[in-house]
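The structure under discussion appears below in the form of structure tokens.
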Amino acid sequence: MRIRGFFLFRRYNLLVFVILLLLFALVLMSLRAKQREGVEFFDALLMEVCSPFQKAATLVIKTVQGTFQHYVFLVNLEKENRMLKQKIAELQEENHRIKEMKLANERLRQLLQFREKNSPSMIGAEVIGQDPSSWFKSVTIDKGERDGVKKGMAVISPAGVIGQILKTAPHYATVLLLTDYNSAIDSIVQRTRAKAIVEGKGVNRCQLKYLLRAEDVAVGDVVVTSGLGGNFPKGLMVGEIKKVDKKGHGVFQYAELVPSVDLTQLEEVFVIMEPLLPSQPQEEKGKKGKKTKK
Amino acid sequence: MKRIIFPLLAGILFLIIQTTWLPSFPIHRIRPDILLIFTLYLAFLFPPIFGGILAFFMGYLMDLFSGNALGFYTFSRPLVFFVANYFKERFYLEGFYSQFLFGLIFGMLEGILILILMNALQPLSFGKLYPLLFTLLLPQSFFTGLITPLFFFLFQKGSSLLFPQPDKGIKERV
Numbered sequence: 618m619r620i621r622g623f624f625l626f627r628r629y630n631l632l633v634f635v636i637l638l639l640l641f642a643l644v645l646m647s648l649r650a651k652q653r654e655g656v657e658f659f660d661a662l663l664m665e666v667c668s669p670f671q672k673a674a675t676l677v678i679k680t681v682q683g684t685f686q687h688y689v690f691l692v693n694l695e696k697e698n699r700m701l702k703q704k705i706a707e708l709q710e711e712n713h714r715i716k717e718m719k720l721a722n723e724r725l726r727q728l729l730q731f732r733e734k735n736s737p738s739m740i741g742a743e744v745i746g747q748d749p750s751s752w753f754k755s756v757t758i759d760k761g762e763r764d765g766v767k768k769g770m771a772v773i774s775p776a777g778v779i780g781q782i783l784k785t786a787p788h789y790a791t792v793l794l795l796t797d798y799n800s801a802i803d804s805i806v807q808r809t810r811a812k813a814i815v816e817g818k819g820v821n822r823c824q825l826k827y828l829l830r831a832e833d834v835a836v837g838d839v840v841v842t843s844g845l846g847g848n849f850p851k852g853l854m855v856g857e858i859k860k861v862d863k864k865g866h867g868v869f870q871y872a873e874l875v876p877s878v879d880l881t882q883l884e885e886v887f888v889i890m891e892p893l894l895p896s897q898p899q900e901e902k903g904k905k906g907k908k909t910k911k
Numbered sequence: 326m327k328r329i330i331f332p333l334l335a336g337i338l339f340l341i342i343q344t345t346w347l348p349s350f351p352i353h354r355i356r357p358d359i360l361l362i363f364t365l366y367l368a369f370l371f372p373p374i375f376g377g378i379l380a381f382f383m384g385y386l387m388d389l390f391s392g393n394a395l396g397f398y399t400f401s402r403p404l405v406f407f408v409a410n411y412f413k414e415r416f417y418l419e420g421f422y423s424q425f426l427f428g429l430i431f432g433m434l435e436g437i438l439i440l441i442l443m444n445a446l447q448p449l450s451f452g453k454l455y456p457l458l459f460t461l462l463l464p465q466s467f468f469t470g471l472i473t474p475l476f477f478f479l480f481q482k483g484s485s486l487l488f489p490q491p492d493k494g495i496k497e498r499v
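Here it is, written out as structure tokens:
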């Protein structure tokens with residue numbers, strides 16, 4: 618009987634393995650949905666191993682792209698002018714580097730001003746990778762739990778809202794962009810103060826959900842965060858309405874908006890560590906900032 | 326040992342290419358899936374048990390760096406591997422067109438599976454998702470299929486350096 622059972626197992630062991638592996642994947646899905654710590658620990662561990670390579674690759678790609686754009690295209694020159702042209706190329710390269718530095722300087726100054734103006738409890742982070750699939754919209758940043766980054770924290774730039782933290786590892790984190798299907802941000806239309814939820818719609822588009830039909834909304838209206846969700850401070854720009862459609866019947870109307878930030882060109886972002894409530898007085902703001910600095 | 330280490334390292338390398346180099350191209354929507362092509366190639370090279378575990382790991386890596394919080398690829402990649410492994414004897418895989426078709430079909434099958442999972446496990450209406458079939462799934466699968474012959478050729482060259490007679494596949498040790 619035992620022997621028969623063993624042979625049956627040998628015969629079906631491949632099928633059993635396939636089923637077990639797929640079941641394990643489904644169990645993992647369920648554990649993730651329940652946000653169990655064991656899975657998160659393993660996720661963080663793997664992310665820590667892979668992200669430094671990702672960071673290095675991003676650096677190499679940026680350098681190679683810069684070289685291609687500003688040096689390699691000048692290689693096909695006439696022979697007699699090679700030396701001279703090379704000199705020009707070197708100067709151009711230097712010029713480009715200085716321009717890049719100037720642009721970076723301006724960008725960083727803007728970021729610093731933005732940070733000082735809004736909330737001192739923010740940290741800057743660099744984008745080191747994009748989502749590997751086309752179905753979901755996310756980026757990986759080089760700041761994680763050790764820097765105080767936690768799940769659900771808001772990620773912004775001077776131009777507006779970017780998204781929120783989805784997964785964290787000790788030194789890295791994944792940001793769910795506002796264009797992802799799973800993203801939802803509590804917002805208001807700046808002009809009319811109409812409340813709505815901004816949901817991702819995939820490729821660089823979002824939609825306004827639960828926007829009452831009676832509300833006055835027009836193309837070109839700016840949508841800002843309401844501050845009610847708790848993660849985002851009030852008044853941050855989310856995007857601009859591009860299409861309004863009061864199709865059919867029902868309580869709600871439909872509006873489509875384009876994010877104010879170009880999410881395909883992200884380089885530096887800010888993570889808001891402690892969102893300040895809109896009603897909090899300025900003094901408390903200062904205290905909170907000092908606390909986090911400690 | 327090298328038959329474990331190299332595919333794992335290759336998987337991490339392709340993931341890095343997919344998250345850093347491919348997004349730098351201007352056409353974001355039709356980004357081909359190199360890790361899917363690699364998983365398909367594993368189906369020809371590796372036996373089901375070891376290859377299945379490798380495919381599971383590839384899916385896990387994809388999930389780790391994507392905005393997908395539940396882990397769809399951890400489920401879909403081993404499934405794709407097993408189906409490709411099952412059909413590998415029944416599929417004539419010499420030449421550009423058959424390899425293109427292979428990449429295209431599996432790209433679409435996985436995409437449909439992801440759509441079904443998204444629809445089943447997340448509160449998204451299918452009406453919101455079905456335009457993706459034409460705007461995202463078809464072009465992406467097409468481009469994945471288009472580069473499949475090139476990557477199969479490269480993988481074949483790479484595996485011939487590492488394993489003796491890779492075209493016959495790697496036998497599972499019992």
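One line per chain: the protein sequences are A and B, in this order. For the first sequence, this note's numbering gives the first residue as 618, with consecutive numbering after it. For the second sequence, this note's numbering gives the first residue as 326, with consecutive numbering after it. Where is the CB? At the ideal position from N, CA and C, for every residue including glycine.
1. Kindly indicate which residue of A:Val-635, A:Arg-724 and A:Asp-660 has the alpha-carbon position closest to the one of A:Phe-887.
2. Name the DSSP bridge partner or partners of A:Asp-862?
3. Please list, in chain order, all residues of the same chain as B:Thr-473 whose beta carbon is under 7 Å from its beta carbon, the five residues on each side excluded.
4. Starting from the C-beta of A:Leu-783, find all residues in its chain whose C-beta is less than 6 Å away, skip the five residues before and the five after it, and write them out in chain order.
5. Using 8 Å as the threshold, is the C-beta distance between A:Ile-805 and A:Gly-837 below it?
6. Over the uninterrupted alpha helix (DSSP H) stretch that includes B:Thr-364, give me the two end residues.
7. Report the residue from A:Asn-630, A:Ala-661, A:Lys-651 and A:Thr-881 whose alpha carbon sits nearest the alpha carbon of A:Ile-779.
8. Drop a sphere of 10 angstroms on the beta-carbon of A:Met-890, count the other beta-carbons inside from all chains shown, and report buried for 16 or more, exposed for fewer.
9. Does any residue of chain B have a CB that is nearer than 8 Å to the CB of A:Phe-954?
10. Have a look at B:Ile-337 and A:Cys-667 and give me their C-alpha separation to the nearest angstrom.
11. In chain order, what residues of the same chain lie with their CB nearer than 7 Å to the CB of B:Phe-468, ignoring the 5 residues before and after it?
12. Going by the beta-carbon positions, is the gap between B:Met-387 and A:Pro-669 smaller than 8 Å?
13. Any C-beta of chain B sitting closer than 8 Å to the C-beta of A:Phe-670?
14. When you check each C-beta in the segment 755–776 of chain A against every C-beta of chain B, which residues fall closer than 8 Å?
15. Looking at the unbroken beta strand (DSSP E) that takes in A:Thr-741, where does it start and where does it end?
16. Of all the options A:Leu-643, A:Gln-781, A:Met-664 and A:Leu-728, which has the alpha carbon lying nearest to the alpha carbon of B:Ala-445?
17. Can you list, in chain order, the residues of its chain with a C-beta nearer than 6 Å to that of A:Gln-730? Leave out the 5 residues immediately preceding and following it.
18. Pick out whichever of B:Glu-414, B:Glu-419, B:Trp-346 and B:Leu-379 has its Cα sitting closest to the Cα of B:Tyr-398.
19. Give me the Cα-Cα distance between A:Val-656 and A:Lys-863, rounded to the nearest whole angstrom.
20. Check the Cβ of B:Ala-335 against every Cβ in chain A and list those closer than 8 Å, keeping chain order.
21. Along chain B, in chain order, which residues have C-beta atoms closer than 8 Å to that of A:Met-646?
22. For B:Phe-477 and A:Ala-835, I'd like the C-alpha separation in whole angstroms.
23. Between the alpha carbons of B:Pro-403 and B:Phe-381, how many angstroms are there, rounded?
24. In three-state terms, what does DSSP make of B:Lys-327?
25. Could you have a look at A:Ala-642 and say whether DSSP puts it in helix, strand or coil?
26. Please report the residue range of the alpha helix (DSSP H) in which B:Lys-482 lies.
27. By alpha-carbon positions, which one of A:Gly-683, A:Met-739 and A:Thr-675 ends up nearest to A:Lys-917?
28. So the candidates are B:Phe-431, B:Phe-416, B:Phe-390 and B:Pro-348; which of them puts its Cα closest to the Cα of B:Gly-470?
29. If you count every other CB in all the chains shown that lies within 10 Å of the CB of A:Lys-704, and 16 or more means buried, which is it?
30. So, are the CB atoms of B:Leu-340 and B:Leu-360 less than 8 Å apart?
31. Is it right to say B:Gly-376 is buried, meaning 16 or more other beta carbons lie within 10 angstroms of its own, or is it exposed?
32. Determine, for A:Gln-727, whether the minimum Cβ-Cβ distance to residues of chain B falls below 8 Å.
33. Taking the C-alpha atoms as reference points, what is the distance between A:Val-633 and A:Ser-877?
34. Whose C-beta lies closer than 8 Å to the C-beta of A:Tyr-789 among residues of the same chain, with five residues either side of it excluded?
35. Mapping the DSSP letters down to three states, classify A:Phe-753 as helix, strand or coil.
From the atom records:
1. Closest by alpha carbon: A:Arg-724.
2. A:Tyr-871
3. Result list for B:Thr-473: Ile-362, Gln-424, Phe-425, Phe-427 and Gly-428, in chain order.
4. Excluding positions up to five away in sequence, the list reads Thr-791 and Leu-793.
5. no
6. 359–370
7. A:Thr-881
8. Counting Cβ neighbours within 10 Å, A:Met-890 comes out buried, since at least 16 surround it.
9. Since the first residue of chain A shown is 618 and the last is 911, residue 954 of chain A is not available in this structure.
10. 7 Å
11. Ile-355 and Pro-357
12. no
13. yes
14. Ser-755 and Thr-757
15. Note on identity: in this sequence residue 741 of chain A is Gly, with Thr being the wrong assignment. Looking at the DSSP string, the run of the beta strand (DSSP E) that includes A:Gly-741 is 739–747.
16. A:Leu-643
17. none
18. B:Leu-379
19. 44 Å
20. The contacting residues do not exist; B:Ala-335 stays about 13 Å from chain A at best.
21. The answer, in chain order, is Leu-395, Gly-396, Phe-397, Thr-399, Phe-400 and Leu-446.
22. B:Phe-477 and A:Ala-835 have their C-alpha atoms some 52 Å from each other.
23. 5 Å
24. helix
25. helix
26. 463–487
27. The first residue shown for chain A is 618 and the last is 911, placing residue 917 of chain A beyond what the model contains.
28. B:Phe-431
29. exposed
30. yes
31. buried
32. no
33. 51 Å
34. Met-664, Glu-665, Ser-668, Ile-745, Thr-757, Ile-758, Asp-759, Lys-760 and Gly-761
35. coil
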